[in-house]
Amino acid sequence: MTRPYNFSAGPATLPEPVLQRAREEMLDWQGSGMSVMEMSHRGKEFLSIAAQAETDIRDLLNIPSDYKVLFLQGGASIQFSMVPLNIPGSSADYINTGSWSKKAIAEAKRLKKVNVAASSEDQNFTTVPERAEWNCNPAAAYLHYTHNETIGGVEFDVIPEVSVPLISDMSSTLLSRPLDVSRFAVIYAGAQKNIGPAGLTIVIVNEAVLGQCAESTPAMLNYQTHANADSMYNTPPTYAWYLAGLVFQWLKGLGGLTAIAEHNQVKAKLLYNFIDQSGFYTNPVEPRYRSWMNVPFILADDGLNERFLSEARQAQLLTLKGHRSVGGMRASIYNAMPLKGVQTLVDFMAEFQRRYG
Ligand SMILES: *Cc1c(COP(=O)(O)O)cnc(C)c1O
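Those letters in the sequence shown? Residues 109 to 465, per our numbering, in order.
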């Protein structure tokens, strides 16, 4: 049986070898007599799974030793609050490049004076504001930006140069290519896009950030609490942590982030090139800032959307409906989407255009 290709933005497709391994280990993890789901998070079995996953993500991203890797819950969304709670200072800079930036800004506003240093809202979020035009506050506690806007399909092509601690929401792009972690104070990512199942949030935090919370900060919202406890202050999302660990091993087996980056670039180019030359499908994003992970596109005739989706489903191509705020279609082509899946999509799109375009 071959599985359909699933273009969901998140929770998203996982590598098939990872799912197979999880199935093999479901009832009895490596002779322990337990499913990973049934293990104490403080038992030696799970501690070894947890430690291996951390070692592997450190290897993959080449994370410097003065950074902690935290395996938390609450989604990327709770980081919208944890970042302003953990970094003191009355004001913070934010860059607004789309829906997720806006949510981060809205939460930060509850806790700090927010300076939106740049926004592409007046260009309908189809670009990243020119760095030279950002109106940064040199006294800001930090600058926050969304490296890849999952809904709009807009991605920063470089890490911005700023003079204050840099924070990035990398939910839909972390592990898609090599990254210079040392440029950041905090990187966070909900796992369900490109890392593993929902329920786990990865936070990579420089040790200099730790220990600055106000006394009134709830323990669960304090990075220091989790760093001191190796992410086991309370019960961590054990199964999601284990599965993310299998994904890390899968990535290492493929040759790490340089190899997956090449693969991702080939997939993205194939799809964007097809869209651009089709004369029927369009992607509105300025080419330089097009996401390698999330590719929104619209059909020349909106009235064909339902037909497109239902015929795609019949062709074993799932979850292509665009986000309700954007409309049209969106193909999320994370690490786990094989090139063959993108090729099958392109072939389907060409055939659909031939019949209805
Ligand atoms: C999905 C997503 C979020 C929200 O993640 P949750 O884990 O649902 O809180 C935040 N930012 C970006 C860029 C996302 O893609």
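Every residue, glycine too, gets a C-beta built ideally from N, C-alpha and C.
R415 has no beta-bridge partner at all, per DSSP. When secondary structure is reduced to three states using DSSP, Y331 falls in the helix class.
Taking the Cβ of Q181 as the reference point, every heavy atom of ligand 1 lies at 7 angstroms or farther away. Only residues of its own chain outside the window of five on either side were considered, and among them G304, P305, L351, V355 and A444 have a CB closer than 8 angstroms to the CB of L122, listed in chain order. For T452 against L428, the beta-carbon gap comes to about 12 angstroms, at or over 8 angstroms, which does not count as contact. In summary, G387 is exposed, with fewer than 16 beta-carbon neighbours lying within 10 Å of its beta-carbon over all protein chains present.
For V262, the beta-bridge partners assigned by DSSP are E257 and R398. DSSP places R463 inside the alpha helix (DSSP H), whose first and last residues are L447 to Y464. Burial check for A161: the Cβ neighbour count within 10 Å reaches 16 or more, so the residue is buried. P404 carries a strand assignment under DSSP once its states are collapsed to helix, strand and coil. Here H371 carries a helix assignment [DSSP, helix/strand/coil]. At least one heavy atom of ligand 1 is found less than 7 angstroms from the C-beta of W208. A direct Cα-Cα distance of roughly 19 angstroms separates D277 from H334. Here the stretch 177 to 191 makes no contact with the stretch 379 to 386; the two share fewer than three CB pairs at distances below 8 angstroms.
Nearest neighbour of L283 by Cα position, chosen from G364, K377 and H149, turns out to be G364. Ranked by how close their Cα comes to the Cα of P326, the residues E153, G411, A158 and N194 have N194 in first place.
Per the C-alpha coordinates, the member of Y113, Y347 and L127 positioned closest to W358 is L127. K220 is positioned such that its CB atom lies no closer than 8 angstroms to that of A247. Comparing C-alpha distances from P119 to each of V450, S440, R463 and F460 shows the shortest one belongs to S440. According to the DSSP secondary-structure assignment, I275 is paired through a beta bridge with H252 and V294. Of all alpha-carbon atoms in E269, V393 and W349, the one lying nearest the alpha-carbon of I165 is that of W349.
At a threshold of 7 angstroms, Q300 counts as near ligand 1, since its beta carbon sits closer than that to one of the ligand's heavy atoms. Assigned with DSSP and collapsed to three states, I310 falls in strand.
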